[in-house]
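Visitor:
2 protein chains.
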Amino acid sequence: MGSVEQLTQEERDSWLRALPDWSLARDGDAIERKFEFDDFSKAFAFMTRVAMIAETRDHHPEWFNVYNRVEITLTTHDAGGLSLRDVKMARKIDALLA
Amino acid sequence: MGSVEQLTQEERDSWLRALPDWSLARDGDAIERKFEFDDFSKAFAFMTRVAMIAETRDHHPEWFNVYNRVEITLTTHDAGGLSLRDVKMARKIDALLA
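Order-wise, the sequence lines are chains X and P. Start counting at 1 in the first sequence, then tack on 894, and there's your number in the working numbering. Start counting at 1 in the second sequence, then tack on 894, and there's your number in the working numbering.
1. What does P:V960 reach in chain X if we use C-beta pairs closer than 8 Å?
2. Chain X partners of P:A989, CB-CB under 9 Å?
3. Give the C-beta separation of X:F938 and X:F929 to the nearest angstrom, bearing in mind that I take them to be a contact with Cβ-Cβ under 8 Å.
4. Looking at the unbroken beta strand (DSSP E) that takes in X:E965, where does it start and where does it end?
5. Could you give the uninterrupted runs of the alpha helix (DSSP H) lying entirely in the segment 895-979 of chain X, keeping only those of 4 residues or more?
6. Do three or more CB pairs link the segment 945-960 of chain X to the segment 914-922 of chain P at distances below 8 Å?
7. Return the CA-CA distance between P:S908 and P:F934, expressed in angstroms with no decimal places.
8. For P:M983 and X:R906, what's the separation of their Cα atoms in angstroms?
9. Against chain X, does P:E949 count as a neighbour if the rule is that its beta carbon must be under 9 Å from one of theirs?
10. Which residue wins for smallest C-alpha separation from P:T902, given the options P:R927, P:D988 and P:V981?
11. Does DSSP classify P:A984 as helix, strand or coil?
12. In angstroms, rounded to a whole number, what distance separates the CA positions of X:H954 and P:A989?
13. Rank X:R927, X:Q900, X:E899 and X:V898 by C-alpha distance to the C-alpha of X:R985 and give the top, closest one.
14. Just mark P:A992 as buried or exposed, buried being the case when its beta carbon has 16 or more other beta carbons within 10 Å.
15. Quick check on the burial criterion: 16 or more other C-beta atoms within 10 angstroms. Buried or exposed for P:S897?
16. Among the residues of its own chain, which have a CB less than 6 Å from the CB of X:D972, if the five just before and after it don't count?
17. Counting C-beta neighbours from all protein chains within 10 Å, is the total for P:R911 16 or more, i.e. buried, or is it exposed?
18. Grab me the residues of P:G975's own chain with a C-beta within less than 6 Å of its C-beta, minus the 5 sequence neighbours each way, in chain order.
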């Protein structure tokens, strides 16, 4: 399954250029994005939509929330780093806010 | 409002004895508990119930989730530490699992 293969550095850089709101974390093994909403209700509504995407794709975020802030980190444990699954998931999450 | 006054150390110790699954964090300014579920679906279902309690009480957790694990930290920013609001919230959360 190509989808759980770790990205090469070249692939990674290429994909990241297409995800300008995400930044590399954990020495390049993860990507993260911070979100801010008007209040907790809106933040959690967003989280619920992300949870559904995660469950559908069987690819789950590491995430933190306090009140109106949500921080999402994506990595692929099976690949030991970033994979295309993270990139696709980031795109799906971004699309929620488009 | 007594509910946003910081707990004294004596009060804190007394309340904590009644919350054996929670431990002190941040030099006594917060309490935290770690939860583990069968899978993400169950973890997020729990989070959704906690979110409703939080919104109802206007008291929101700091929390982290990855797959089946949820870590909740409670503190009262307005009180600069632990308050009775945290204790009551912890009890409500515990009751979800009883």
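Cβ coordinates follow ideal geometry from the N, Cα and C atoms, glycine included. Predicted, not measured: the structure shown is a model, and the values here were computed from it.
Guide: If we stick to the structure as given:
1. The contacting residues are H954, P955, E956 and W957.
2. Annotation: P:A989 has no Cβ neighbours in chain X at a cutoff of 9 Å; minimum Cβ distance is about 20 Å.
3. 12 Å between Cβ atoms; not a contact.
4. Unbroken beta strand (DSSP E) run through X:E965: R963 to L968.
5. Secondary structure remark: continuous alpha helix (DSSP H) runs of at least 4 residues inside the segment 895-979 of chain X, in chain order: 903-911 and 934-951.
6. No, the segment 945-960 of chain X is not in contact with the segment 914-922 of chain P.
7. The alpha-carbon atoms of P:S908 and P:F934 are separated by roughly 34 Å.
8. Spanning the two alpha carbons is a distance of roughly 43 Å.
9. Interface residue, yes.
10. Shortest Cα-Cα distance from P:T902 to any of P:R927, P:D988 and P:V981 involves P:V981.
11. Helix.
12. Going by the C-alpha atoms only, they are around 27 Å apart.
13. In terms of Cα proximity to X:R985, the closest of X:R927, X:Q900, X:E899 and X:V898 is X:R927.
14. Classification for P:A992: exposed.
15. Caution is warranted here: a pLDDT of 49 is assigned to P:S897, below 50, making its placement in the model unreliable, and the coordinate value is therefore given only provisionally. So P:S897 counts as exposed.
16. V898, listed in sequence order.
17. So P:R911 ends up on the exposed side.
18. Q900 and D923, listed in sequence order.
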